[in-house]
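Colleague: Dumping the structure here so I can ask a few things about it.
There are 2 protein chains.
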Amino acid sequence: MARVRFDKEKVLESATNAFWHLGYTATSMQTLVELTGLKPGSIYLAFGNKEGLFKESLDYYAQQSLDNLEATLDKYQSAEEALPHILMTFVEESCQSEYCSCFLVKSQLELSEQQTELKDHVSQRLRKVESLYFASFLKNNTENVAKAKAASIMLHIFGVRVYGYHSHSKDQLIDALHLGLPWLSWPINH
Amino acid sequence: MARVRFDKEKVLESATNAFWHLGYTATSMQTLVELTGLKPGSIYLAFGNKEGLFKESLDYYAQQSLDNLEATLDKYQSAEEALPHILMTFVEESCQSEYCSCFLVKSQLELSEQQTELKDHVSQRLRKVESLYFASFLKNNTENVAKAKAASIMLHIFGVRVYGYHSHSKDQLIDALHLGLPWLSWPINH
DNA sequence: TAACTGTTTGAATGATCATTCAAGTTAATT
DNA sequence: AATTAACTTGAATGATCATTCAAACAGTTA
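Quick mapping for you: the protein sequence lines, in order, are chains A and B. Under the working numbering, the first residue of the first sequence is numbered 15, with each subsequent residue one higher. Under the working numbering, the first residue of the second sequence is numbered 15, with each subsequent residue one higher.
Below, the structure written as structure tokens:
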């Protein structure tokens with residue numbers, strides 16, 4: 015089937031899942047070949063190398079996350095109202111048995127100082143998320159407060175992403191979020 | 015020099031550092047051989063295999079962390095007084111250029127569902143930390159409050175460990191901690 | 001229909017991986 | 001001094017790693 019380019023979206027979805035679940039180092043090209051259905055040559059022609067495919071997978075995941083986030087933020091009057099819902103979906107996710115934390119967070123922590131380029135790539139995407147929260151908080155807050163609130167949200171999200179990975183105790187997680195983020199507009203029925 | 019057992023403490027320190035900085039998968043036995051100074055045979059006799067050495071490294075790190083934590087908690091009247099100091103050291107650490115997050119957190123996120131045994135090993139150590147905070151909070155709080163406070167602390171610590179790995183902005187981190195943990199006895203000057 | 005161009009194919013490559021084990025070494029025991 | 005026991009040594013093993021590339025293929029163009 016030469017001259018019939020593969021479905022890049024599908025390939026990226028498979029690759030993203032592999033890297034997300036197994037990690038960058040532990041995901042072999044052989045695994046990628048199996049899961050994407052592409053032959054090595056095709057992968058290398060399309061993405062250059064393993065690192066290239068990883069980067070595009072990161073972008074694929076990050077773009078989805080950002081789109082999702084933006085949509086939810088737009089649905090509510092303020093970030094203070096939207097965030098309880100966002101956080102609750104994160105908590106719900108973290109309770110599922112196949113929970114795999116956040117691809118960006120996992121990647122960030124896996125990459126070492128030696129892999130500066132990849133690490134910066136991930137950092138950039140994470141900062142984009144924070145700046146989205148920051149911009150949203152700016153509507154009802156001074157710049158300093160918005161900055162602190164955005165950072166506090168990031169701390170809590172990172173926390174949920176790590177905490178939920180080893181302990182599936184939903185109630186405890188929710189209590190901790192209420193305690194740490196009392197300035198959010200939590201729904202009244204607890 | 016047969017019959018002269020190697021210095022296990024030194025070996026574990028080297029191995030811990032390697033695993034901590036590079037991650038479990040990315041640390042090869044060859045690297046371990048170089049850094050510990052042991053020959054492959056000696057490592058396998060003493061630790062069984064790579065996984066065994068990794069486990070002992072985790073324990074070595076976890077024990078040090080717990081000892082440190084316990085000592086600091088004992089130095090102050092309450093956990094509410096001790097924690098600002100503990101958190102500030104974590105923030106300080108996160109600002110250093112060679113910062114490498116927390117070995118336990120990194121390992122937890124690197125291990126996948128397939129490596130159940132190793133993952134549980136790490137989870138257990140992380141839970142021990144939380145229960146230490148919990149026990150300390152019990153002195154001045156009801157059980158429910160102590161539990162929520164301990165969870166909130168864990169969220170913030172995980173947050174610092176991830177946040178600090180990609181963004182070295184000390185002030186932002188401190189502001190976020192003040193915002194999220196107002197019930198701690200922060201020192202008056204700031 | 002013949003030549004061309006961009007894509008796929010998959011076996012091959014050499015490097016590196018975790019692990020093994022027979023041989024060597026040294027201290028303790030007899 | 002001879003033997004035994006405990007440990008170290010490091011080359012070797014086979015598996016798996018990321019990557020390459022010549023050949024096959026199928027659309028497009030001339």
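For each residue, glycine too, the CB sits at the ideal point set by N, CA and C.
Out of Leu-191/B, Ala-149/B, Gln-138/B, point me to the one whose CA is closest to Ala-93/B's CA.
Modeller: With distances taken between CA atoms, Ala-93/B lies nearest to Ala-149/B out of Leu-191/B, Ala-149/B, Gln-138/B.
Colleague: Would you mind listing the beta strand (DSSP E) stretches within the segment 157 to 197 of chain A that are 3+ residues and don't spill past its ends, in chain order?
Modeller: none
Colleague: Count the other CB atoms, across all protein chains shown, that sit within 10 Å of the CB of Ala-85/A; report buried if there are 16 or more and exposed otherwise.
Modeller: exposed
Colleague: Could you tell me which chain B residues have their CB closer than 8 Å to the CB of Thr-156/A, listed as they occur along the chain?
Modeller: Per Cβ cutoff of 8 Å: no residues; Thr-156/A is ~12 Å from chain B at best.
Colleague: Count the other CB atoms within 10 Å of the CB of Thr-41/B; is the residue buried (16 or more) or exposed (fewer)?
Modeller: buried
Colleague: Quick check on Cys-109/A: does DSSP put it in helix, strand or coil?
Modeller: helix
Colleague: Would Trp-200/B count as contacting chain A if we go by Cβ distances under 9 Å?
Modeller: For Trp-200/B, the answer is no, since every Cβ of chain A falls outside 9 Å of its Cβ.
Colleague: Could you tell me whether any Cβ in chain A is nearer than 9 Å to the Cβ of Ser-28/B?
Modeller: no
Colleague: Given a threshold of 16 other Cβ atoms within 10 Å of its Cβ, counted over all protein chains shown, does Gly-37/A qualify as buried or as exposed?
Modeller: buried
Colleague: Answer with yes or no whether the minimum CB distance from His-180/B to chain A is below 9 Å.
Modeller: With 9 Å as the cut-off, His-180/B counts as an interface residue toward chain A.
Colleague: Is Glu-112/B close to chain A? Criterion is C-beta to C-beta, closer than 9 Å.
Modeller: yes
Colleague: State yes or no: is the beta carbon of Phe-172/A nearer than 9 Å to at least one beta carbon in chain B?
Modeller: yes
Colleague: With a cut-off of 9 Å, does the C-beta of Met-43/B fall near any C-beta of chain A?
Modeller: The beta-carbon of Met-43/B is placed no less than 9 Å from the nearest beta-carbon of chain A.
Colleague: Using beta carbons (cut-off 9 Å, strictly below), is Arg-175/A in contact with chain B?
Modeller: By this cut-off, Arg-175/A is an interface position.
Colleague: Using 8 Å as the Cβ pair cut-off and three pairs as the minimum, do the segment 161 to 174 of chain B and the segment 154 to 170 of chain A touch?
Modeller: yes
Colleague: In this structure, how does DSSP classify Lys-120/A when only helix, strand and coil are distinguished?
Modeller: helix
Colleague: Find the residues of chain B that neighbour His-135/A, judging by a C-beta separation of less than 9 Å, and give them in chain order.
Modeller: Correct list: empty, because the minimum Cβ distance to chain B is about 11 Å.
Colleague: Evaluate the contact criterion for the segment 18 to 29 of chain B versus the segment 50 to 62 of chain B: three or more CB pairs, one atom per stretch, below 8 Å.
Modeller: yes
Colleague: Between Cys-116/A and Val-105/A, what straight-line distance do the alpha-carbon atoms span, to the nearest angstrom?
Modeller: 12 Å
Colleague: Between the alpha carbons of Cys-109/A and Gly-55/B, how many angstroms are there, rounded?
Modeller: 43 Å
Colleague: DSSP three-state call for Tyr-75/B: helix, strand or coil?
Modeller: Reduced to three states, the DSSP call for Tyr-75/B is helix.
Colleague: Against chain A, which members of the segment 45 to 61 of chain B pass a CB distance test of less than 9 Å?
Modeller: none
Colleague: Indicate whether at least one CB of chain B lies closer than 9 Å to the CB of Lys-153/A.
Modeller: No - not a single Cβ of chain B is within 9 Å of the one on Lys-153/A.
Colleague: In chain order, what residues of the same chain have a beta carbon less than 6 Å from the beta carbon of Lys-133/A, not counting five sequence neighbours either side?
Modeller: Leu-125
Colleague: Taking the C-alpha atoms as reference points, what is the distance between Ala-60/A and Ser-28/A?
Modeller: 15 Å
Colleague: Could you pull out every residue in the same chain whose Cβ sits closer than 7 Å to the Cβ of Phe-20/A, ignoring the five residues on either side in sequence?
Modeller: Leu-52, Ser-56
Colleague: I need the straight-line Cα distance from Thr-130/B to Asp-189/B, nearest angstrom please.
Modeller: Thr-130/B and Asp-189/B: Cα-Cα distance of roughly 37 Å.
Colleague: When DSSP labels each residue in this structure, what does Leu-83/B get in the three-state scheme?
Modeller: Look at Leu-83/B here: in three-state DSSP terms it is helix.
Colleague: Give the single residue among Arg-175/A, Leu-195/A, Trp-197/A whose Cα lies nearest to the Cα of Lys-120/B.
Modeller: Arg-175/A
Colleague: Closest to Glu-127/B by C-alpha separation, out of Glu-157/A, His-135/A, Gly-178/A, Cys-114/A, would be which residue?
Modeller: Residue nearest to Glu-127/B within the set Glu-157/A, His-135/A, Gly-178/A, Cys-114/A is Cys-114/A (criterion: CA-CA distance).
Colleague: Go to Asn-31/B, then tell me how far its alpha helix (DSSP H) extends in each direction, as first and last residue.
Modeller: Membership of Asn-31/B in the alpha helix (DSSP H) is indicated by the continuous run 22 to 36.
Colleague: Cutting at 6 Å between CB atoms, please list the residues of its own chain near Tyr-75/B, excluding the five before and the five after it.
Modeller: Thr-30, Phe-117
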